[in-house]
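**Q**
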Amino acid sequence: MKAAVCPAARGSVRAPASKSAAHRHLILAALADRPGEVRGLTLSEDIEATIRCLTALGACIRLKGDTALVTPVSNPPACAQLDCGESGSTLRFLIPVAAALGISAEFTGRGRLPQRPVTGYLEALRAHGVSVCYDGRLPLQISGRLTPGDFQVEGEKSSQYVTGLLLALARLEGGGAVRLTTPLNSAAYVDITVDLLARYGVPVDRQGSAYHVQGGPPRGGSHMVEGDWSSAAFPLCLGALGGCVTVTGLDENSTQGDRAILSILREMGCAVSVSAQGIQVKKSPLRAIRRDMEEIPDLVPVTAVLCAAAQGESVLSGVDRLRYKESDRIASTIGLISSLGGDARYENGCILIRGGALHPGEVASCHDHRIAMAAAVAAAAAGGPVRLDDVDCVAKSYPDFWKDYTLLGGNLQ
31 MKAAVCPAAR GSVRAPASKS AAHRHLILAA LADRPGEVRG LTLSEDIEAT IRCLTALGAC
91 IRLKGDTALV TPVSNPPACA QLDCGESGST LRFLIPVAAA LGISAEFTGR GRLPQRPVTG
151 YLEALRAHGV SVCYDGRLPL QISGRLTPGD FQVEGEKSSQ YVTGLLLALA RLEGGGAVRL
211 TTPLNSAAYV DITVDLLARY GVPVDRQGSA YHVQGGPPRG GSHMVEGDWS SAAFPLCLGA
271 LGGCVTVTGL DENSTQGDRA ILSILREMGC AVSVSAQGIQ VKKSPLRAIR RDMEEIPDLV
331 PVTAVLCAAA QGESVLSGVD RLRYKESDRI ASTIGLISSL GGDARYENGC ILIRGGALHP
391 GEVASCHDHR IAMAAAVAAA AAGGPVRLDD VDCVAKSYPD FWKDYTLLGG NLQ
């Protein structure tokens, strides 16, 4: 058990590299027509899982500082064992990619990953030459080579299914199309994929509910990973509660949906300034908000902390998909607020939070990186230590979080 304390927050930190973009960069580089490099990486457990799996698929990836030197897959192995750790992105992206390479693969994982749903596009794969052995839990086994053509996917299930198929089609001669049979959730994550495919020379043409891919392979080269708005939300919110914080290395015009943290902070009354020096947030009196979080689920825990310190009752809607994250994030977010003396409850697809004062207390992180980081941010409003049962889980996405927390005036005791 350790305690996060943050009597005041002041200073500047650089945003880690975008985990969402890094997964996609590494996969495209591994599928490319020639060697390339992915620069500006921040290693985390999830990114290491993708590197490990791409290596098992036949790529050669050497790390040199924050750069990955990638020799693409040229002679894929007949079989591969793919340990995805706890990374849902790694699992969902690489199932169709392994099939496009014609590799018989077994996918495994740990934590809550074996229970997280992956059925959303297995029928589409079966319709295109892939045999699947799956009983609803990992391990999952595939064999056969993916054939080009049209793939039908329910967009409401997961944007990761769409991304996985788009990445796989980039490798297939002749390409194909991904057609959505239901509206797409978390569309910004697919926008990231489409943008990066274009940078690798694989244009995607969207026509209504269909994404048409010309096919590749992608062009190898040198690419830089942009800063991560999902991770940057935590120090930015620390500034809103604790003092004055600047985060550098972010693109205000990014396709990342989680840049919406800026509009959330402004809507709540925070003083936010954007300049060449970075994004600065100053402590301000906070007011309640009503916000649809369906497109930005990763922002829910830290936004809930802000709402618990605001005046009035906030409503965060569109949260039901949070049940299938590293924890049941509806329950763990409510537990975080309640453990610190706040008032939060779930009703009809919404988390309702009655703002007021937070107090020192003990929070169960549920081994969820975003719950642990949100609890550390809450310490700036709690007026004393927030004790955590697991501080190491932040390594899943933001390994330097506690280092940056200390730079900004926090302390892990």
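Per this note's numbering, the very first residue in the sequence shown carries number 31; after that it's consecutive.
Glycine included, C-beta positions come from ideal geometry on N, C-alpha and C.
What whole-angstrom Cβ distance do Gly250 and Arg64 have, given they're in contact under 8 Å?
**A** 4 Å
**Q** Got a sec, what are the start and stop residues for the alpha helix (DSSP H) Asp221 sits in?
**A** Ala217 to Arg229
**Q** Given 8 Å as the limit, is there contact between the segment 380 to 400 and the segment 411 to 431, that is, 3 or more CB pairs closer than that?
**A** yes
**Q** Buried or exposed: which applies to Glu116, given that a residue is buried once 16 or more other Cβ atoms fall within 10 Å of its Cβ?
**A** buried
**Q** Go ahead and pull the three-state DSSP assignment for Val183.
**A** It is a strand residue.
**Q** Which residues does DSSP pair with Leu442 in a beta bridge?
**A** Ala34
**Q** Looking only at its own chain, which residues have a Cβ that is under 6 Å from the Cβ of Ser260, when we skip the five neighbours before and after it?
**A** Within the same chain, and ignoring the five residues on either side of Ser260 in sequence, the residues whose Cβ sits closer than 6 Å to its Cβ are Asp288 and Asp328.
**Q** Inspect the beta-carbon positions of Leu124 and Ala135 and report whether they are closer than 9 Å.
**A** yes
**Q** Rounding to the nearest angstrom, what Cα-Cα distance links Pro147 and Asp430 in this structure?
**A** 30 Å
**Q** Comparing C-alpha positions only, which one of Pro102, Met254, Asp420 and Val232 sits nearest to Gln244?
**A** Of all alpha-carbon atoms in Pro102, Met254, Asp420 and Val232, the one lying nearest the alpha-carbon of Gln244 is that of Val232.
**Q** Buried or exposed for Arg54, going by 16 or more other Cβ atoms inside 10 Å?
**A** buried
**Q** Suppose only complete runs of 3+ residues qualify. What are the beta strand (DSSP E) ranges in the segment 46 to 126, listed by chain order?
**A** 66 to 69, 90 to 94, 97 to 101 and 109 to 113
**Q** Is it right to say Glu356 is buried, meaning 16 or more other beta carbons lie within 10 angstroms of its own, or is it exposed?
**A** buried
**Q** Under 8 Å by Cβ, that's how I've got Leu372 and Ala409 pegged, so tell me the actual separation to the nearest angstrom.
**A** What sits at residue 372 in the sequence shown is Gly, not Leu. Their Cβ separation, rounded to whole angstroms, is 13 Å, which puts Gly372 and Ala409 out of contact at 8 Å.
**Q** Using 10 angstroms around the beta-carbon of Asp322, count the other beta-carbons present and answer buried if the total reaches 16, otherwise exposed.
**A** Exposed: under 16 other Cβ atoms inside 10 Å.
**Q** Which value, in whole angstroms, describes the spacing of the CA atoms of Ala98 and Val349?
**A** 35 Å
**Q** Ordered along the chain, which non-local residues of its own chain (more than five positions away) have a Cβ less than 8 Å from that of Ala425?
**A** Correct list, in chain order: Ser74, Glu75 and His399.
**Q** Given a cut-off of 9 Å, decide if Gly159 and Ser239 are closer than it, judged by their beta-carbon atoms.
**A** no
**Q** Can you find a CB in chain C that lies within less than 9 Å of the CB of Pro178?
**A** The chain inventory of the structure shown lacks chain C, comprising one protein chain alone.
**Q** Between Leu227 and Leu195, which are expected to be in contact by the criterion C-beta below 8 Å, what is the C-beta distance as a whole number of angstroms?
**A** About 12 Å separates the two Cβ atoms, so there is no contact after all.
**Q** Looking at the strands, I want to know which residues DSSP matches up with Met403.
**A** Beta-bridge pairing links Met403 to no other residue.
**Q** On the premise that Leu176 lies in contact with Leu155, defined as a C-beta separation below 8 Å, what is that separation, rounded to the nearest angstrom?
**A** About 7 Å separates the two Cβ atoms, so the contact holds.
**Q** DSSP puts Glu377 in a beta bridge; with which residues?
**A** Cys380
**Q** Can you tell me whether Met31 is buried or exposed, with buried defined as 16 or more other CB within 10 angstroms of its CB?
**A** exposed
**Q** In this structure, does DSSP put Arg146 in helix, strand or coil?
**A** The DSSP-derived three-state label of Arg146 is coil.
**Q** What are the boundary residues of the beta strand (DSSP E) that Glu136 is part of?
**A** Ser134 to Thr138
**Q** Quick one, are the C-beta atoms of Ile133 and Pro106 less than 9 Å apart?
**A** yes
**Q** Report the option in Ala89, Ala334, Val43 and Thr333 whose CA atom is closest to the CA atom of Lys433.
**A** Val43
**Q** Taking the straight line between their C-alpha atoms, what separation do you get for Ile383 and Arg351?
**A** 18 Å
**Q** Where does Glu203 land, buried or exposed, given buried means 16+ other C-beta within 10 angstroms?
**A** exposed
**Q** From the DSSP output, in three-state form, read off Asp328 for me.
**A** helix
**Q** Suppose contacts are defined by Cβ-Cβ distances below 9 Å. Is Leu442 in contact with Ala33 by that definition?
**A** yes
**Q** Looking at C-alpha atoms only, which residue of Ile360, Leu346, Asp422 and Arg122 is the closest neighbour of Gly139?
**A** Arg122
**Q** I need the DSSP call for Arg209, collapsed to helix, strand or coil.
**A** strand
**Q** For the alpha helix (DSSP H) that contains Ile172, what are its first and last residues?
**A** Where Ile172 is concerned, there is no enclosing alpha helix (DSSP H), although the beta strand (DSSP E) it sits in stretches over Leu170 to Ser173.
**Q** Specify the secondary structure class of Val424 as computed by DSSP and reduced to three states.
**A** helix
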